[in-house]
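Notes follow the structure.
Number of protein chains: 2
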Amino acid sequence: MAKLTKREENYSQWYNELVVKADLAENSDVRGCMVIKPYGYAIWEKMQAALDKMFKDTGHSNAYFPLFVPKSLFEAEEQNAEGFAKECAVVTHYRLKNDPKKKGKLIVDPDAKLEEELIVRPTSEAIIWKTYKNWIQSYRDLPILINQWANVVRWEMRTRLFLRTAEFLWQEGHTAHATKVEAIEETERMINVYSEFAEKFMALPVLKGLKTPAERFAGAIETYCIEALMQDGKALQAGTSHFLGQNFAKAFDVKFANKEGSQDYVWATSWGVSTRLIGALIMAHSDDFGLVLPPQLAPIHVVIVPIYKGEEQLAQISEIALNIKSSLEKQGLTVKFDNRDTHKPGFKFAEYEMKGVPVRIAIGPKDLENGSVEIARRDTLSKETKPMNEVVDYITELMVEIQESIFSKAKKFQESNTHEVDNFEDFKSKLNETGGFISAHWDGSPETEELIKKETKATIRCIPLNNPREEGVCVRSGKPSSQRVIFAKSY
Amino acid sequence: MAKLTKREENYSQWYNELVVKADLAENSDVRGCMVIKPYGYAIWEKMQAALDKMFKDTGHSNAYFPLFVPKSLFEAEEQNAEGFAKECAVVTHYRLKNDPKKKGKLIVDPDAKLEEELIVRPTSEAIIWKTYKNWIQSYRDLPILINQWANVVRWEMRTRLFLRTAEFLWQEGHTAHATKVEAIEETERMINVYSEFAEKFMALPVLKGLKTPAERFAGAIETYCIEALMQDGKALQAGTSHFLGQNFAKAFDVKFANKEGSQDYVWATSWGVSTRLIGALIMAHSDDFGLVLPPQLAPIHVVIVPIYKGEEQLAQISEIALNIKSSLEKQGLTVKFDNRDTHKPGFKFAEYEMKGVPVRIAIGPKDLENGSVEIARRDTLSKETKPMNEVVDYITELMVEIQESIFSKAKKFQESNTHEVDNFEDFKSKLNETGGFISAHWDGSPETEELIKKETKATIRCIPLNNPREEGVCVRSGKPSSQRVIFAKSY
Chain B
0 MAKLTKREEN
10 YSQWYNELVV
20 KADLAENSDV
30 RGCMVIKPYG
40 YAIWEKMQAA
50 LDKMFKDTGH
60 SNAYFPLFVP
70 KSLFEAEEQN
80 AEGFAKECAV
90 VTHYRLKNDP
100 KKKGKLIVDP
110 DAKLEEELIV
120 RPTSEAIIWK
130 TYKNWIQSYR
140 DLPILINQWA
150 NVVRWEMRTR
160 LFLRTAEFLW
170 QEGHTAHATK
180 VEAIEETERM
190 INVYSEFAEK
200 FMALPVLKGL
210 KTPAERFAGA
220 IETYCIEALM
230 QDGKALQAGT
240 SHFLGQNFAK
250 AFDVKFANKE
260 GSQDYVWATS
270 WGVSTRLIGA
280 LIMAHSDDFG
290 LVLPPQLAPI
300 HVVIVPIYKG
310 EEQLAQISEI
320 ALNIKSSLEK
330 QGLTVKFDNR
340 DTHKPGFKFA
350 EYEMKGVPVR
360 IAIGPKDLEN
370 GSVEIARRDT
380 LSKETKPMNE
390 VVDYITELMV
400 EIQESIFSKA
410 KKFQESNTHE
420 VDNFEDFKSK
430 LNETGGFISA
440 HWDGSPETEE
450 LIKKETKATI
460 RCIPLNNPRE
470 EGVCVRSGKP
480 SSQRVIFAKS
490 Y
Chain U
0 MAKLTKREEN
10 YSQWYNELVV
20 KADLAENSDV
30 RGCMVIKPYG
40 YAIWEKMQAA
50 LDKMFKDTGH
60 SNAYFPLFVP
70 KSLFEAEEQN
80 AEGFAKECAV
90 VTHYRLKNDP
100 KKKGKLIVDP
110 DAKLEEELIV
120 RPTSEAIIWK
130 TYKNWIQSYR
140 DLPILINQWA
150 NVVRWEMRTR
160 LFLRTAEFLW
170 QEGHTAHATK
180 VEAIEETERM
190 INVYSEFAEK
200 FMALPVLKGL
210 KTPAERFAGA
220 IETYCIEALM
230 QDGKALQAGT
240 SHFLGQNFAK
250 AFDVKFANKE
260 GSQDYVWATS
270 WGVSTRLIGA
280 LIMAHSDDFG
290 LVLPPQLAPI
300 HVVIVPIYKG
310 EEQLAQISEI
320 ALNIKSSLEK
330 QGLTVKFDNR
340 DTHKPGFKFA
350 EYEMKGVPVR
360 IAIGPKDLEN
370 GSVEIARRDT
380 LSKETKPMNE
390 VVDYITELMV
400 EIQESIFSKA
410 KKFQESNTHE
420 VDNFEDFKSK
430 LNETGGFISA
440 HWDGSPETEE
450 LIKKETKATI
460 RCIPLNNPRE
470 EGVCVRSGKP
480 SSQRVIFAKS
490 Y
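So the sequences go chain by chain: B and U.
Using numbering that gives the first Met the number 0, read the first sequence as starting at 0 and increasing by one per residue.
Using numbering that gives the first Met the number 0, read the second sequence as starting at 0 and increasing by one per residue.
Structure representation (structure tokens):
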């Protein structure tokens with residue numbers, strides 16, 4: 000297996016190669032759309048399972064709404080429509096017919112033109128709020144707490160596997176509430192769920208905060224986000240939770256009779272994370288040898304590789320390996336015994352390093368003599384020899400340690416790459432030399448935000464929640480500011 | 000809650016009303032597309048979980064392929080293209096723009112026309128085999144055993160909730176093999192998985208068989224199916240597994256080096272079941288009071304309804320109810336305690352009957368005195384009074400009994416509605432009077448099959464697997480026949 004480009008040489012190329020070599024995904028024949036391969040999809044399934052449980056534990060149910068949004072619904076909430084109109088796939092016809100000029104070829108049947116075009120959903124607020132209108136008459140019908148696992152399409156011009164693709168998989172929560180307070184509580188509850196998921200499962204420390212108006216979701220009153228820092232010093236938005244106010248209720252005329260008997264517009268939230276998280280997971284932890292996966296999301300926790308000469312040795316090793324496998328599986332771990340005779344151990348070692356399997360056990364002739372096995376950690380690349388009878392306990396504990404260790408490494412990285420700067424020269428030099436989160440004063444105006452973006456490519460990633468008040472002056476305009484915000488270049 | 004139309008009066012209307020009243024699904028604003036509501040989706044999640052485990056236990060992995068199929072790929076396998084071209088959604092543009100004539104309105108941007116149209120997948124053979132081409136070089140790359148959970152779109156003109164919708168959810172397995180024998184084994188393995196799933200989880204007896212050439216999947220060499228009988232005597236195709244031969248490998252030029260070192264085309268299968276199964280589940284078991292759900296797929300197994308006057312009685316009942324709930328949950332059952340004070344017990348009884356909750360426990364003042372509870376079975380509508388301390392064991396066993404009982408009722412129905420007929424008069428009268436599966440001799444010609452379809456609306460549902468040989472004459476043509484096949488009107 001050819002080696003990866005090193006991160007230091009070309010981080011972007013390292014990422015692109017890694018996604019393919021670790022067998023996670025590849026580009027398809029459809030512009031901007033990816034194929035998620037079984038190993039990559041298995042990570043997504045682990046993410047889905049964990050998130051789905053967290054959603055259900057917070058009172059949500061899953062449902063499913065149509066893939067298509069009729070144009071008239073799509074345009075109902077103007078800001079939202081404006082935000083997505085420029086990048087959407089439009090269905091205009093419902094039939095092909097044989098090309099009279101070329102046998103075996105098909106053409107769009109002009110007689111099968113739709114009366115009204117259908118937009119492939121870039122997000123589902125429009126179709127869902129049109130549906131909620133029929134479900135909501137009184138406060139007794141509220142709250143509605145629904146999530147949907149679905150594919151969405153945004154016609155992005157520049158795409159990268161997982162990070163930005165024309166079609167991607169995600170979940171989108173859409174909730175309806177009787178009061179503003181309740182809706183804001185829900186918005187905050189879900190950003191906390193995302194942050195807990197990122198830290199506990201992805202081992203990814205995140206900053207929680209609010210987006211500036213310029214960076215808000217189209218149609219939102221307030222967008223909460225979690226922002227993670229990648230190893231190249233760029234930020235990645237890992238999840239968003241939107242307080243939509245009454246915008247969609249007004250666009251679709253969704254009113255309810257409140258407890259006092261008068262009519263009021265319903266309050267809304269929406270929140271989502273996507274397969275982009277897999278991109279974040281890869282970029283946050285992996286190294287020049289390949290993927291590093293936290294055990295909580297690893298499709299395979301342990302791989303056992305036999306090192307042997309001849310069938311007899313293999314048989315002896317297999318017996319031990321299968322015993323260890325079955326004991327570890329009883330602890331809830333997924334174990335692969337790779338006894339392929341078509342590949343050498345060294346090849347297998349490199350392959351599982353590339354795929355980020357957290358722990359590798361190697362068993363060879365010396366181990367048979369000594370009653371030991373060699374245990375290698377993927378995250379630290381360290382090896383230890385352990386007596387066979389201690390292996391199961393040791394590895395079970397090791398999984399917890401690896402998970403914590405990957406998190407704390409990422410946390411330290413985040414901390415040492417968060418820089419307070421107080422003037423624009425420092426701002427620019429930090430940004431270009433080390434990157435990272437730049438904590439700086441900003442005057443609060445969209446004009447200054449836009450200027451900084453133009454001049455440095457840095458955007459305001461978020462205004463941290465519970466941000467301490469601090470008097471200062473804006474790094475760009477010199478105008479007064481009462482708090483620091485987080486800038487970064489971003490994915 | 001208004002009562003359902005009775006099945007005898009109008010079976011079709013009964014079904015339509017039931018789907019809506021049981022809160023399973025509803026029509027959306029998008030022609031032919033449904034909204035699957037949380038209660039309906041919960042049934043789908045149960046189906047998915049069971050099937051997904053069966054797929055993984057038989058060696059399959061999940062992956063994800065693009066929603067769109069470029070037209071040139073779509074038309075590559077001619078039969079398949081022919082079969083789906085007339086009912087597909089076509090994306091022709093990738094952008095909207097503001098309507099210069101009407102403020103706030105959007106129009107399709109003519110400058111954003113795609114060079115090549117994209118078909119919204121009606122099934123994914125084309126895009127998947129184009130992808131497999133790059134994955135397969137030698138026999139060592141085979142078999143590929145992949146499944147995908149996805150949405151697909153077929154532009155059906157007449158749609159009905161779950162049974163036939165323009166967009167539906169399904170899984171599609173796509174496997175690649177080195178030999179014909181292996182591919183046929185896989186095709187048969189998966190029809191057996193479907194049949195086991197239908198019988199064990201859906202409590203739905205099915206006939207396994209082969210489709211005639213006229214009824215085969217477009218592009219298949221052989222289509223295996225499972226056919227179930229609905230209460231109105233019509234058949235419903237509940238799942239299919241296709242042996243695709245080398246058709247797709249040839250269309251996409253997918254060859255591999257076999258063990259002997261020569262190049263050969265890869266052998267293929269595909270197999271799928273969809274949200275249509277929910278329609279089958281509803282129609283097979285439900286009655287004039289509403290849904291009847293087998294416990295294996297019921298989102299809620301037990302509902303507890305308190306019957307009380309005043310807060311004090313409610314408090315006493317609640318304590319008992321919550322104890323029972325927690326004990327049943329320890330047995331893996333899902334239990335709802337409905338203590339809403341906005342609805343009377345009678346209303347709740349009717350609601351849970353409509354929703355098909357398998358067991359209802361009612362606890363009232365007399366029960367408090369006697370230390371008993373009332374247990375009602377949804378499937379038989381029978382009630383029993385049981386001592387409180389026996390409730391948990393009793394209900395745990397009852398779940399198994401209900402599951403079996405629903406199955407054997409359906410099995411008896413299937414048996415008593417399978418009719419051997421030996422002439423065309425009997426054929427027509429059975430078909431019109433009682434419906435059901437008609438077992439009759441057929442001469443094996445597509446012409447006779449077509450004639451019978453035109454004259455009676457009955458189609459050949461399948462040629463049963465392991466069909467006994469029996470000399471006879473075709474009911475329609477009088478020509479010789481060596482086996483009976485199964486005819487029915489169908490959904």
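Glycine included, C-beta positions come from ideal geometry on N, C-alpha and C.
If you measure between the beta carbons of B:F67 and U:V29, is that distance less than 8 Å? yes
Measuring alpha carbon to alpha carbon, tell me which of U:I437, U:S476, U:P37, U:N466 ends up nearest U:A457. U:I437
For the candidate residues B:M53, B:T384, B:T379, whose alpha-carbon lies nearest to that of B:P357? B:T379
If you measure between the beta carbons of B:W266 and B:E181, is that distance less than 8 Å? yes
Between U:F64 and chain B, is the shortest Cβ-Cβ distance under 8 Å, so that the two count as touching? yes
Closer than 8 Å by beta-carbon distance: list the chain U residues that pair up with B:Y93, in chain order. E86, C87, A88, V89, W154
Between the stretch 305 to 313 of chain B and the stretch 270 to 289 of chain B, can you find at least three pairs of beta-carbon atoms closer than 8 Å? no
Nearest neighbour of B:S476, chosen from B:L464, B:V90, B:E446 [CA to CA]: B:E446
Taking the alpha carbon of U:K354 as the reference point, which residue from U:A24, U:Q330, U:P142 has its own alpha carbon closest? U:A24
With a threshold of 6 Å on Cβ separation, who are the neighbours of U:E116 within its own chain once the five nearest residues in sequence on each side are excluded? K70, V89, T91
Among B:S480, B:R215, B:V304, the one whose alpha carbon lies nearest that of B:F336: B:V304
With a CB to CB cut of under 7 Å and the five nearest residues on each side skipped, what residues in its chain are close to B:E81? A217
Specify the secondary structure class of B:I462 as computed by DSSP and reduced to three states. strand
Where B:A48 meets chain U, residues with beta-carbon distance less than 7 Å: Going along chain U, no residue has its Cβ under 7 Å from B:A48, so there is no contact; the nearest lies around 10 Å.
Near B:F288, what residues of its chain come up, given a Cβ to Cβ distance below 6 Å and the 5 sequence neighbours on each side ignored? E352
Closest Cβ-Cβ distance between B:Y351 and chain U: below 8 Å? no
Quick one: what does DSSP say B:M33 is sitting in, helix, strand or coil? strand
Determine contact between the stretch 188 to 208 of chain U and the stretch 43 to 50 of chain U, defined as no fewer than three beta-carbon pairs at a distance below 8 Å. yes
Measuring straight from C-alpha to C-alpha, what distance separates U:S237 and U:A439? Going by the sequence as given, residue 237 of chain U is Ala instead of Ser. C-alpha separation (whole angstroms): 22 Å.
Should B:V334 be labelled buried (16 or more other beta-carbon atoms within 10 Å of its own) or exposed? buried
Using a C-beta to C-beta distance shorter than 8 Å, which residues of chain U count as neighbours of B:A41? S60, N61
Go to B:N150, then tell me how far its beta strand (DSSP E) extends in each direction, as first and last residue. 143 to 152
Considering only the beta carbon of each residue, do U:G223 and U:A248 sit closer than 8 Å? According to the sequence shown, residue 223 of chain U is Tyr rather than Gly. Not a contact, by the Cβ cut-off of 8 Å.
In whole angstroms, what is the alpha-carbon distance linking B:Q245 and B:P142? 14 Å
At a Cβ threshold of 8 Å, is U:R159 touching chain B? no
Please report how far the alpha carbon of U:G435 lies from the alpha carbon of U:L228, in whole angstroms. 7 Å
Terminal residues of the alpha helix (DSSP H) in which U:P364 lies: 364 to 369
Within 8 Å of any Cβ in chain B, is that where the Cβ of U:D416 sits? Reading off the sequence, residue 416 of chain U comes out as Asn, not Asp. It does not; no Cβ of chain B falls within 8 Å.
Does the beta carbon of U:I277 come closer than 8 Å to any beta carbon on chain B? no
Looking at chain B, is there any beta carbon in it that lies within less than 8 Å of the beta carbon of U:R163? no
Which residues of the stretch 103 to 115 of chain U have a Cβ closer than 7 Å to any Cβ of chain B? Give them in chain order. G103, K104, L105, V107
Please report the straight-line C-alpha distance between B:I277 and B:A21, rounded to a whole angstrom. 12 Å
Would you kindly work out how many angstroms separate the C-alpha atoms of U:K55 and U:D98, rounded to a whole number? 50 Å
Span of the alpha helix (DSSP H) holding B:N502? The question about residue 502 of chain B has no answer here: the residues shown for chain B are numbered 0 through 490.
Would you check if the distance between the CB atom of B:I501 and the CB atom of B:L243 is smaller than 8 Å? Coverage of chain B is limited to positions 0 through 490, which leaves residue 501 of chain B absent and any answer about it impossible.
Using a Cβ cut-off of 8 Å (strictly closer), state whether U:I145 contacts chain B. yes
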